[in-house]
Amino acid sequence: MGLRLHCAAGPLRLMSGQNWPCLSCSRKDPCFMRLSRFFLPTLKETPTEAVIVSHRLMLRAGLVRQHAAGIYNWLPLGTRVLQNIAEIVREEQNAAGAQEIIMPTVQSGELWKESGRYDDYGPEMLRIKDRHERDMLYGPTHEEVVTDIFRSNAKSYRNLPLNLYQIHWKFRDEVRPRFGVMRGREFLMKDAYSFDVDFERSKHSYNQMFVAYLRTFARLGVKAIPMRADSGPIGGDMSHEFIVLADTGESAVFCHKGLLEKPAPQNVDYQANLQPIIDDWTSLYAATEEKHDTAIEAKLGADLVKARGIEVGHIFHFGTKYSAAMKASIAGPDGQPLTPLMGSYGIGVSRLVGAIIEASHDDAGIIWPESVAPFRVGVINLKTGDAACDAACADLYAKLSAAGISVLYDDRDERAGVKFADMDLIGVPWHVVVGPKGIAKGQVELKRRGAAAREELSLEAALNKLTAK
RNA sequence: CGGAGCGUAGCUCAGCCUGGUAGAGCGCCAGCUUUGGGAGCUGGAUGUCGGAGGUUCGAAUCCUCUCGCUCCGACCA
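So in the working numbering, spot 37 of the first sequence is number 45, and the numbers just go up one at a time.
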C-alpha cells in the first residue's frame, strides 16, 4: 500500500479559493495518516495557563501552542480543523456570490488617515514604522483597503453589486488576551465587504450574507442564533451578531426556543428575494445580555431559553461611511457620481475552533462535528505487531482512504488505554477498534465518539457503514 | 489601563520563610515483564532555577532592576 504523507499543510492553503478534495494540501487524493508518523503532541496534564475548557483541550489535544500572549502556533491537527472550517466558510461565501481576494496584512497608514480612523482606532491597532519612517500598521480590519481597491478599479454602477471577501489573519492588540484562540490578538477571520448602488440592493447583499451565515454555521455543526446588534447611526435594523450557544459561553443570551429547532435554509436561490427567510428568523425574540428586555421575556414564558453564547459572526450595513470619506464614487446610471453603500460581514474562523469545542466536548475530550473533524475515522490497532490485527488495520486504512474518507490510523506500539484516551481526546468522530479477540471472530468494533455504545460487526460491514455516509 | 499573582526538567509542582552547590510524579530513551480504557520493575538522559546587577566565603533562596506569562475588572471577531 502506498503511504502518501503529503499533508504537510502550508499556510497558503488558507488563502486559496479552489475546491480541492484534500482540505490540507493541493493533492487530489484524500488525507490519511499513520499516527506513528503524525506530529501530535498530546498532554496528559492541563497546562496552568489554560482556564476554559476549549483552551485546555486545544493544548492537550495538540492543536495549538502559545507563542506569546494571544498569539498561537497551529500544529498539524489544529491546522487541519482550521482549514476545514475555512473551507466551509469559503464554499458558502462563494455560493452566495462573494468573490475571494487577498488583501495585505501590513497596511499603509495613509488610507487610515483618509478615513479618519488612524487617530480614532486607538492602541488596539498595532502600528509599525518601516525603514523609511512611514506609518504602517498590521491590519485589524480591512474597510479602508477594500474601499481603496474599489475606488481605484470600479468605474461604473455596472460593476455593482460587488462583494469581496478574504480569509486572512488579523491583529488587534487586545489589552487582555485570554481564553486561548477565543480571544487572541492574532486571529483568522473571514471578512466580506459589499458595494451596492442603493439601499434596496444593499439590503439584498446584507440578506445574502445573513442566509449564507445560517448555512455556514449549520454546516459547521453549531447552533448559531442571529441576534440584533448595535448598528450605529446608519444601519437601522441591519446589524446582527451570530451567537453560538455553549454552556461555557462568555455572555448570557436570551431567545425564543423556536430558534433552536429552526433548520438552516436549503437550496437557496441567492438572486431571489431573501427577505422572507430573514423575517422568519428575526420574528422570534433573541437578545444578548446587554440588550435583552425582561418585559418581552416575561410574556414568552416557557418559550424563553436562557443560555450562554459566544459571538462567532457579525454582519452590518454602514452605508457610505467609508465610500464617502474616501471618495469612492462611480458613475451612476444617469452619468452622475454615485457613492456606493457598503456593508461588512465577519466570521471569526480561528475563534470558531474554540467555540465549537466549547459547544461539543465531554470529560474525555473534544467531540468534533464530522464536517470539521481533522479526521473522520480513527482506526485503533489494539495489538500492533499481531499479524491478524495489522493486516485488518492495513486493509481498513487502505479501503477507507480509497473511499475518500480521511482516516487516522493509530499504529503506535502503545497500550490500549493510551490509544483510546488519545482518540477520545482529539475527538475523531468514528472509531474502528481492531483487537485480537474480535479479529479471531472476523469482527471489529465501531464506535461513535461521544456515544457509549459499541457495535461489533464484520470488517466489511464496518466499511460499508462508514463509506455509506 | 487599574488590582492581584506566578516564572525551578517536555507537563504538573515541591524546595525559597530560616542561603550550603537541584528534587518528586508524569512524560522521554533502553531493557525486561505486560497487553481491551492513560500498566509494573530496572537502568538512563534532561535544567544557563526567566534575565541582568548587587549582598555574601557561598544565592533557586536575600536586595534592586528588568522581561515574560496568568487571573479579576473595564474593553472586544
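C-beta: ideal position from N, C-alpha, C; glycine also.
Beta-carbon proximity of residue i to residue j, cut-off 8 Å
i	j	result
Val-252	Ala-232	yes
Val-153	Leu-172	no
Val-276	Ala-363	no
Met-144	Gln-174	no
Phe-218	Ile-286	yes
Gly-443	Ser-466	no
Ser-409	Ile-96	no
Gly-327	Gln-216	no
Ala-476	Val-452	no
Leu-43	Arg-420	yes
Phe-207	Leu-349	yes
Pro-273	Arg-236	no
Pro-437	Arg-462	no
His-439	Leu-65	no
Ser-62	Met-190	yes
Phe-225	Phe-250	yes
Met-246	Tyr-214	yes
Ile-318	Glu-258	yes
His-212	Thr-113	no
Lys-198	Gln-107	no
Lys-178	Phe-195	yes
Ser-210	Gly-351	yes
Tyr-405	Phe-46	no
Distance between beta carbons of residue j and residue i, contact taken as under 8 Å
i	j	result
Pro-148	Glu-122	About 16 Å; that fails the 8 Å criterion.
Ala-200	Tyr-353	4 Å
Ser-337	Arg-384	In fact, because the Cβ distance is near 50 Å, the residues do not count as touching under 8 Å.
Arg-68	Thr-56	That belief does not hold up - the Cβ atoms of Arg-68 and Thr-56 are roughly 13 Å apart, past 8 Å.
Leu-228	Ile-93	6 Å
Ala-381	Lys-163	Contact doesn't hold; Cβ gap of about 46 Å is too wide.
Arg-2	Asp-238	The question about residue 2 has no answer, for the chain in this structure spans 9 to 477.
Phe-203	Pro-169	7 Å
Leu-433	Ala-367	Actually they do not touch by this definition, with Cβ atoms about 17 Å apart.
Val-361	Leu-90	6 Å
Ala-220	Ala-103	7 Å
Pro-377	Tyr-165	Contact doesn't hold; Cβ gap of about 42 Å is too wide.
Ala-333	Gly-192	With 8 Å as the limit, Ala-333 and Gly-192 do not qualify as a contact, their Cβ atoms being about 30 Å apart.
Ile-374	Gly-435	3 Å
Leu-85	Arg-73	That pair is no contact at about 11 Å.
First and last residue of the uninterrupted beta strand (DSSP E) at residue i
i	result
Met-111	Element bounds for Met-111: n/a, residue is neither H nor E.
Met-431	Here Met-431 belongs to no beta strand (DSSP E); instead the alpha helix (DSSP H) covers 424-433.
His-439	438-442
Ser-62	Element bounds for Ser-62: not the beta strand (DSSP E) but the alpha helix (DSSP H), 61-68.
Val-261	259-264
Met-235	232-236
Gly-321	312-327
Gly-386	385-389
Phe-187	No beta strand (DSSP E) contains Phe-187, which DSSP labels as neither H nor E.
Arg-135	134-137
Met-217	From DSSP, Met-217 is part of no beta strand (DSSP E) but of the alpha helix (DSSP H) over 207-227.
Lys-198	194-204
Tyr-417	415-418
Glu-453	451-456
Ala-294	294-296
For residue i, the first and last residue of its enclosing alpha helix (DSSP H)
i	result
Gly-343	Note, Gly-343: premise wrong, no alpha helix (DSSP H); not H, not E.
Leu-85	84-103
Gln-74	Premise fails: Gln-74 lies in the beta strand (DSSP E), 72-76, not in any alpha helix (DSSP H).
Phe-40	Counting along the chain, Phe-40 falls outside any alpha helix (DSSP H), though it belongs to the beta strand (DSSP E) covering 40-42.
Ala-469	467-475
Ile-478	Outside the modelled stretch of the chain, which goes from 9 to 477, sits residue 478, for which no answer is possible.
Glu-118	117-123
Thr-290	283-290
Glu-366	357-367
Ala-399	395-410
Cβ-heavy atom distance, residue i to the ligand FMN, below 7 Å
i	result
Ala-254	As far as ligands go, the structure on display features none, and thus does not contain the ligand FMN.
Segment contact, 8 Å Cβ cut-off, at least three pairs: the segment 68-83 with the segment 387-403: In short, these stretches do not touch, since the Cβ pair count stays below three.
Alpha helix (DSSP H) segments (min. 4 residues) lying fully within the segment 147-184: Qualifying alpha helix (DSSP H) stretches, in chain order: 151-161.
Cβ pair count under 8 Å reaching 3, the segment 124-144 against the segment 291-310: Contact fails: fewer than three Cβ-Cβ distances are below 8 Å.
Sufficient close CB pairs (3 or more, under 8 Å) joining the segment 289-306 to the segment 321-330: Output reads no: the segment 321-330 does not touch the segment 289-306.
Given 8 Å, three or more beta-carbon pairs between the segment 340-359 and the segment 391-411: At 8 Å Cβ cutoff, the stretches do not touch.
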